[in-house]
């Protein structure tokens, strides 16, 4: 028997009723159930797509042009039909926003990929790309690329003063309808009985409470006040174990990898790390297994440029055989080689430098400081808030910057475009490599996965060779779910996920 | 008296201008670009270009000279236009107006609990000096002083869930809509805040009472054959309360700062949490406005305390 109201929590508040402005994780979680996209992730399978508002699509031979045919039974929550005009207006808003301002994450990938969007007829829309792009479909299928009601939003100026939507204007075509929002308290949606996927959603409603404190969230789970602790950041291994021990009768703790890159960006344009030997030495000397043991409490994974697990690039096992990534006993050889490189580059004096890190990466910085002593690196740690460090790093004012980023859509491009290309705004290492850029273009245009994998491997090899960034590790994430929640399989947490949860229900 | 009040209120004007300049300058000199926060979002995931950044600086008015920015803000502030929150794109005045009652309720409940506990504990400690009642009272106050409110708050949350399998309902219940739900949500955070303050008050009451009880006029009151209760309440306590009220005025500042953390732990949507979020995200219109609001509250409470002196001590005239 389907139904029930799902009670979830978020660590940060939803920032806007107008989904074009909401760019945080909480906004993704809150807005997704209300909206539809052209394509969407297959529920519970995060790497595959299925039709959503578009019932079918086809590509031109050169994959530059994609034509989507819309379903004809989709309606906005106010009863008006979803039209091709809505799709054209929405995507044009993302790629060419009013006043030329960015529209958050929806603009992140669409703006870079889409050249123009045109109406073919009353049921078809054509999207022309700037270049063929393998990750286009994943971008268009991400929950951020919501199709929005033109008749409601077109008259609203996105950045005009404090103008916010009225509750009746918060509409989409998705499985749930907006019901209530109390700032800093909760966000509630209710079942859309006219949803085009008949029978769905299974839930009667879905409420996200803002519970910023981790201890409080855990207590709320243990007392049954929450059904899902949160979809990110989730729990650490020890917190997951504690909760399972204390309240295992009412909840289960799911384990999932985190799709995130954590790395130290080394400034290759100025300072000591213009010397490749020193960059390489750091990469070789970092003991990721120890980091997993101590920082991730034994529940972690390595974070090379491309998140591992894809057979067509490199698997975790592949990486664990590579210098730098490999564990002991081979690690001893890597450290000896690192020491030799440092001695050669510094005349045996070693190197003093400041490791600047995000405050929330302080544990990693501390472990690095200890590990790198062995090769003559003497670090002093400078912790900065993300809001402070990122602009400095982006301007190339930091020698090092210990950073982490999550994927915004389910493709490696989401991470690569952020920090490793000359056009990347977060290129803290100031690294420009023509060969890497050329391969990036080639992989994006590849239509065959095996071919794309070949280019991606070459890109990964360049990173291993040039070391603009030193990949580190990340936690496995543990997410507590009440046993009354049915049908859920938790995916790697991240803002790129489908939060619609229209396939989940509550066993009363 | 009214002349005194007017003079004090006029003196507050330069004080508040000083506070406004300090917070304005601090928000401009601390590292962190508000435009970056707007563009990249709280998690920093959204990608933006250098051109976007320049445009956002222009939109937020950050490209103007500091003096112009300050004058613009102050002129708007006195007219009730407190600016737009960068994080929420909402009117700051409206946001503060919506959240202030939560913090005010928490602070008032906290102060009520502090006085209701602190006063009798201090009194009993002083009246029964060096007895087991005094020892218990002193341990109670020392523990209250030693424990930070955030830690006690977390302990309360864990204890309630572990021992009683109960926590207040989620989703803020407004006092006028759901009084019972509101009481459940407010009572424990107020207790945590109040306990900490009660410890200060109890210590102060005990010390003052011990001093007053040794005065000649108390001995005279006893010699006149007055009952113990009359001596304590009418003669001793009233005189001992003057410094306690001064302390309570200062503690209001502590209550407001304590509310910042307590609101976070108990998920209450007050201005304390708004300030914390504002600081983290460089939401300078919010932070500037809230600091001025806090300063104004603090000044007003101090004025109230001064006026209470006159009521408690007839020798004081304004």
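Residue numbers (the working numbering), protein chains in the order written: chain A, 1 to 508; chain Z, 1 to 318. Just so it is clear, CB atoms sit at the ideal spot from N, CA and C, and this is done for glycine as well.
For residue i, count neighbouring C-beta atoms within 10 Å of its own C-beta (all shown protein chains included) and say buried if the count is 16 or more, exposed if not.
{"i": "residue 141 of chain A", "result": "buried"}
{"i": "residue 166 of chain Z", "result": "exposed"}
{"i": "residue 196 of chain A", "result": "buried"}
{"i": "residue 500 of chain A", "result": "buried"}
{"i": "residue 60 of chain A", "result": "exposed"}
{"i": "residue 135 of chain Z", "result": "exposed"}
{"i": "residue 19 of chain A", "result": "buried"}
{"i": "residue 113 of chain A", "result": "buried"}
{"i": "residue 270 of chain A", "result": "exposed"}
{"i": "residue 2 of chain Z", "result": "exposed"}
Go to residue i, then tell me how far its beta strand (DSSP E) extends in each direction, as first and last residue.
{"i": "residue 473 of chain A", "result": "473 to 475"}
{"i": "residue 9 of chain A", "result": "5 to 10"}
{"i": "residue 341 of chain Z", "result": "No answer is possible for residue 341 of chain Z: it lies beyond the span of chain Z, which begins at 1 and ends at 318."}
{"i": "residue 412 of chain A", "result": "Where residue 412 of chain A is concerned, there is no enclosing beta strand (DSSP E), given that its DSSP letter is neither H nor E."}
{"i": "residue 48 of chain A", "result": "45 to 51"}
Rounding to the nearest angstrom, what Cα-Cα distance links residue i and residue j in this structure?
{"i": "residue 25 of chain A", "j": "residue 232 of chain Z", "result": "60 Å"}
{"i": "residue 240 of chain Z", "j": "residue 122 of chain Z", "result": "11 Å"}
{"i": "residue 120 of chain A", "j": "residue 82 of chain A", "result": "15 Å"}
{"i": "residue 316 of chain A", "j": "residue 305 of chain A", "result": "12 Å"}
{"i": "residue 460 of chain A", "j": "residue 425 of chain A", "result": "20 Å"}
{"i": "residue 503 of chain A", "j": "residue 244 of chain A", "result": "25 Å"}
{"i": "residue 107 of chain A", "j": "residue 107 of chain Z", "result": "43 Å"}
{"i": "residue 418 of chain A", "j": "residue 283 of chain A", "result": "21 Å"}
{"i": "residue 187 of chain Z", "j": "residue 270 of chain Z", "result": "15 Å"}
{"i": "residue 350 of chain A", "j": "residue 32 of chain A", "result": "51 Å"}
{"i": "residue 380 of chain A", "j": "residue 400 of chain A", "result": "11 Å"}
{"i": "residue 237 of chain A", "j": "residue 252 of chain A", "result": "13 Å"}
{"i": "residue 14 of chain Z", "j": "residue 16 of chain A", "result": "37 Å"}
{"i": "residue 12 of chain Z", "j": "residue 305 of chain Z", "result": "15 Å"}
{"i": "residue 253 of chain Z", "j": "residue 272 of chain Z", "result": "12 Å"}
{"i": "residue 272 of chain A", "j": "residue 345 of chain A", "result": "10 Å"}
{"i": "residue 467 of chain A", "j": "residue 279 of chain A", "result": "6 Å"}
{"i": "residue 37 of chain Z", "j": "residue 387 of chain A", "result": "7 Å"}
{"i": "residue 35 of chain Z", "j": "residue 87 of chain Z", "result": "10 Å"}
{"i": "residue 524 of chain A", "j": "residue 139 of chain A", "result": "Within the shown structure, residues of chain A are numbered from 1 to 508, placing residue 524 of chain A beyond reach of any answer."}
{"i": "residue 127 of chain Z", "j": "residue 295 of chain Z", "result": "38 Å"}
{"i": "residue 202 of chain A", "j": "residue 7 of chain A", "result": "14 Å"}
{"i": "residue 343 of chain A", "j": "residue 376 of chain A", "result": "8 Å"}
{"i": "residue 78 of chain Z", "j": "residue 91 of chain Z", "result": "15 Å"}
{"i": "residue 452 of chain A", "j": "residue 437 of chain A", "result": "14 Å"}
Output the boundary residues of the alpha helix (DSSP H) element that contains residue i.
{"i": "residue 34 of chain Z", "result": "34 to 40"}
{"i": "residue 443 of chain A", "result": "434 to 445"}
{"i": "residue 94 of chain Z", "result": "92 to 127"}
{"i": "residue 73 of chain Z", "result": "66 to 78"}
{"i": "residue 150 of chain Z", "result": "149 to 163"}
{"i": "residue 245 of chain A", "result": "237 to 247"}
{"i": "residue 243 of chain Z", "result": "238 to 265"}
{"i": "residue 92 of chain A", "result": "84 to 95"}
{"i": "residue 128 of chain A", "result": "Here residue 128 of chain A belongs to no alpha helix (DSSP H); instead the beta strand (DSSP E) covers 124 to 129."}
{"i": "residue 57 of chain A", "result": "It is not in any alpha helix (DSSP H) - residue 57 of chain A instead sits in the beta strand (DSSP E) that spans 54 to 59."}
{"i": "residue 341 of chain A", "result": "330 to 346"}
{"i": "residue 311 of chain Z", "result": "284 to 312"}
{"i": "residue 187 of chain Z", "result": "179 to 212"}
{"i": "residue 143 of chain Z", "result": "132 to 146"}
Chain B contacts from the segment 272 to 295 of chain Z (Cβ-Cβ distance under 8 Å) = Given the protein chain composition of this structure (A and Z), no chain B is represented.
task = Using a Cβ-Cβ cut-off of less than 8 Å, list which residues of the segment 182 to 211 of chain A approach chain Z; keep chain order.
result = 182, 183, 184, 185, 186, 207, 209, 210, 211
key: Proximal residues, the segment 377 to 393 of chain A versus chain Z, C-beta separation under 9 Å   = 384, 385, 386, 387, 388, 389, 390, 391, 392
task = Determine contact between the segment 224 to 238 of chain A and the segment 479 to 486 of chain A, defined as no fewer than three beta-carbon pairs at a distance below 8 Å.
result = yes
Three or more C-beta pairs below 8 Å linking the segment 134 to 148 of chain A and the segment 38 to 47 of chain A = yes
inquiry  = To be precise: take each residue of the segment 211 to 233 of chain A, compare its Cβ to all Cβ atoms of chain Z, and keep it if any distance is under 7 Å. Which residues remain?
reply    = 211, 212, 213, 215, 216, 219, 220, 222, 223, 225
message = Would the segment 261 to 272 of chain A count as touching the segment 18 to 30 of chain Z if we require 3 or more Cβ pairs under 8 Å?
response = no
request  = Answer yes if the segment 436 to 443 of chain A comes into contact with the segment 198 to 214 of chain A, meaning at least three C-beta pairs across the two stretches below 8 Å, and no otherwise.
outcome  = no
inquiry  = Under 8 Å: do the segment 145 to 163 of chain Z and the segment 210 to 230 of chain A share three or more Cβ pairs, one atom per stretch?
reply    = yes
request  = Could you run through the segment 179 to 197 of chain Z and flag, in chain order, every residue whose CB is less than 8 Å away from some CB of chain A?
outcome  = none
query = Any residues in the segment 417 to 430 of chain A with a beta carbon nearer than 9 Å to a beta carbon of chain Z? Which ones, in chain order?
reply = 417, 418, 423, 424, 425, 426
query = Taking contact to mean at least 3 C-beta pairs separated by less than 8 Å, is the segment 269 to 284 of chain Z in contact with the segment 70 to 89 of chain Z?
reply = yes
ask   = Mind listing which residues of the segment 68 to 82 of chain Z have their C-beta closer than 7 Å to chain A's C-betas, in chain order?
value = none
task = Would you list, in chain order, the members of the segment 146 to 178 of chain Z that have their beta-carbon closer than 8 Å to a beta-carbon of chain A?
result = 154, 157, 158, 160, 161, 162, 165, 166, 167, 169, 170, 171, 172
ask   = Taking contact to mean at least 3 C-beta pairs separated by less than 8 Å, is the segment 126 to 140 of chain A in contact with the segment 57 to 74 of chain A?
value = yes
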